[in-house]
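Colleague: Take a look at the following structure, please.
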Amino acid sequence: MNRYDDARDQDHGWVEPAGAGLLAQTLGAMAGGVDPASPTGPAAAIPNMSRRVRRRRTAKLGGLGGGALAVAGALVLGAVQLVPSDQPEALLPGATAPSPTPSSLSSSGPDLPIQDGYQPSWLEWSDLTCGMPVADLESTAQGWSVEAAGDVYERPGDLGGGESVTLRGMAATVEQGDGVLQGAPVLVWSQGGVVVDLGTDVFEASDLRAPLVGSGADVIEANGGASTTCVPGGTGESTVFETPLPEGDYEVRVVAFPQVESGWTTAVSEPVPVRIDSDGAHSPTGERGGESAIEFPEPVGGQVARFELDRTTGWVTAELTQPGYSSDTPLRVVGQCEGTDPEALLPIEVVLWPTGDVLASTQISCDGGEAGAEVDVPAGEGAIIDLRLPSIPDGVGRAWVSLEPATPQGRDAAGE
Numbered sequence: 001m002n003r004y005d006d007a008r009d010q011d012h013g014w015v016e017p018a019g020a021g022l023l024a025q026t027l028g029a030m031a032g033g034v035d036p037a038s039p040t041g042p043a044a045a046i047p048n049m050s051r052r053v054r055r056r057r058t059a060k061l062g063g064l065g066g067g068a069l070a071v072a073g074a075l076v077l078g079a080v081q082l083v084p085s086d087q088p089e090a091l092l093p094g095a096t097a098p099s100p101t102p103s104s105l106s107s108s109g110p111d112l113p114i115q116d117g118y119q120p121s122w123l124e125w126s127d128l129t130c131g132m133p134v135a136d137l138e139s140t141a142q143g144w145s146v147e148a149a150g151d152v153y154e155r156p157g158d159l160g161g162g163e164s165v166t167l168r169g170m171a172a173t174v175e176q177g178d179g180v181l182q183g184a185p186v187l188v189w190s191q192g193g194v195v196v197d198l199g200t201d202v203f204e205a206s207d208l209r210a211p212l213v214g215s216g217a218d219v220i221e222a223n224g225g226a227s228t229t230c231v232p233g234g235t236g237e238s239t240v241f242e243t244p245l246p247e248g249d250y251e252v253r254v255v256a257f258p259q260v261e262s263g264w265t266t267a268v269s270e271p272v273p274v275r276i277d278s279d280g281a282h283s284p285t286g287e288r289g290g291e292s293a294i295e296f297p298e299p300v301g302g303q304v305a306r307f308e309l310d311r312t313t314g315w316v317t318a319e320l321t322q323p324g325y326s327s328d329t330p331l332r333v334v335g336q337c338e339g340t341d342p343e344a345l346l347p348i349e350v351v352l353w354p355t356g357d358v359l360a361s362t363q364i365s366c367d368g369g370e371a372g373a374e375v376d377v378p379a380g381e382g383a384i385i386d387l388r389l390p391s392i393p394d395g396v397g398r399a400w401v402s403l404e405p406a407t408p409q410g411r412d413a414a415g416e
C-alpha cells in the first residue's frame, strides 16, 4: 500500500510499500536438507515479481533541477549480501523474472544472504540481477560513458508521519551518446566480486539534478539508499527493502539507463571504493583533504538544515541533517571552513528538495573563522531545504554549514 507524506499537505513523491519475505522459511528448509530452489522448496512459493516498467516523459541530459523525485518500491530499501551459488540466466525484455533463491553464507561476508538471482521489477527489461558477477556488469549504451566524480554523502529522506530513511548520493559525469537519459543514475554496490545492491527505481520520475556535494560544473547526482534492493520482502507492488547494507568495504559503480529507439540500455562506470561503518558511508580522502582544528558545534534551536564535511582522516564523512522545516522566520547561512589555503572560498547554495531549485547562495572563507549572512529563502512554510556545496576546494580538512534562524538560539551570531 502506498503511503504519501500528507502530514504537511505536501507530496514529496516518496512511496513506501509494505510486506514481508520468506527468508526464515527458506533457511529452515536449507537446515533440513531441502533444496530451497526445488519445485517443492520454499523458493517455489515466492511469486514472480513482474510488472512493466512505466515509460515517462523524456528528460534531456542538461535538464538539472526539474521535477519531483519519486522512487516507487525502492526508497524504503533493505539489506544484505552474499556470494551467489549459481549464476541466473539473463532476462530478455518481456520475460518473467525467476523465483529468487537465497545464496549461501560467505565466510567473509555479512550474516544475512542476498536473494541470489532476484531482479527488482523496474529492471526486468535487463539482465541485471542480485548476486551477478561484477564482470558481467557491462555497458550496453552506444557512445555513453559514466564516471563517479565526488564523495559519497548521506541525507535523510522524508517519508511523512515523522518517518525517514537514509539516502545516499554521489556526483557523476555523463558523456551522452545516442538516445536520452530518462532519470538519474543509480549507485550499484558490490562486495566479494558480486552485486549486492542494484540501486533505486529511477524510472518513475527521478529527474536529473546537481549533487549536494559537487566537484565543479557538469556533474549530476547518482542516487541510492542505505539499504539494499537485493533482500526483498513482500511481493509485487507491496515489495519493501528494509535491511541496511552492513559495515564493510565495497565497490560502487555509477550506472545510468539511457533510452534508445530499441529500448533501455546501461552505461556503467569504473568502480570506486566506499567503506561503511557505524558513522555511515565514506569515500577515500586521497590527496584532497587536510588538517583542521575547528570543531563541529552543537546545533542551535530552530535549525532547518546542516551539512558537515570531514576530510581530516583517510575516509571522508559528508552528511546532511534536517532538524526542521522552512518557515516564515528570517534565516541565515552560517558556517566554518578550514584548509591548506586560507584564501580559498567555499560556495554554498540553499536548494529546495526534491527539485533542486536554488533559493539562495553565498560563500565563506576557508580560513577557519566562523562567518554568516542572512539569506532570503522564499520556500514557503513546511518546505524541505537542502544545503548544497557545489565545489569544495582541495585541501579542506573540515567544513560545516547551517541554515538557521537569523537570530540564533544557543550560539552567538557570526560575522557581526
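Numbered by the numbering used here, the letters in the sequence shown go through residues 1 to 416 in order. Ideal Cβ placement from N, Cα and C applies to all residues, glycine included.
1. Residue range of the beta strand (DSSP E) that Q363 falls in?
2. With 16 other CB atoms within 10 Å as the buried threshold, where does S278 fall?
3. Assuming L128 and L187 form a contact by the criterion Cβ under 8 Å, report the distance between their Cβ atoms to the nearest whole angstrom.
4. Can you look up A217 in the DSSP assignment and give me helix, strand or coil?
5. If you drop the 5 nearest sequence neighbours on each side, which residues of the same chain put their C-beta closer than 6 Å to that of T166?
6. Once DSSP output is grouped into helix, strand and coil, what is the label at W189?
7. Return helix, strand or coil for E237, following the three-state DSSP convention.
8. Less than 9 Å between the C-beta atoms of W417 and F241, yes or no?
9. Is the region 137-151 touching the region 265-272 in the sense that three or more CB pairs, one from each, lie closer than 8 Å?
10. Tell me which residue opens and which closes the beta strand (DSSP E) that A385 is part of.
11. Just to confirm, are A222 and A148 a CB contact at a threshold of 9 Å?
12. Let me make sure I understand the geometry here. Which of A406, I276, Y325 has the alpha-carbon closest to that of A318?
13. Here's the rule I'm using: 16 or more other beta-carbon atoms within 10 Å means buried, otherwise exposed. How should A74 be labelled?
14. Output the distance between the C-alpha atoms of S283 and L309, rounded to the nearest integer angstrom.
15. Nearest to G224 by alpha carbon, out of V152, Q176, E204?
16. What do you reckon, are the CB atoms on I114 and V196 nearer than 9 Å?
Modeller: The short version:
1. 357-365
2. exposed
3. Wrong, their Cβ atoms sit about 13 Å apart, outside the cutoff.
4. coil
5. E154, A226
6. Three-state result, W189: strand.
7. helix
8. Coverage of the chain is limited to positions 1 through 416, which leaves residue 417 absent and any answer about it impossible.
9. yes
10. According to the sequence provided, residue 385 is Ile. The question's Ala does not apply to it. Element bounds for I385: 385-388.
11. In this structure, A148 lies closer than 9 Å to A222 by Cβ.
12. With distances taken between Cα atoms, A318 lies closest to I276.
13. Below a pLDDT of 50, predicted positions are generally treated as unreliable, and A74, at 33, falls in that range; no measurement from the model is reported.
14. 12 Å
15. V152
16. yes
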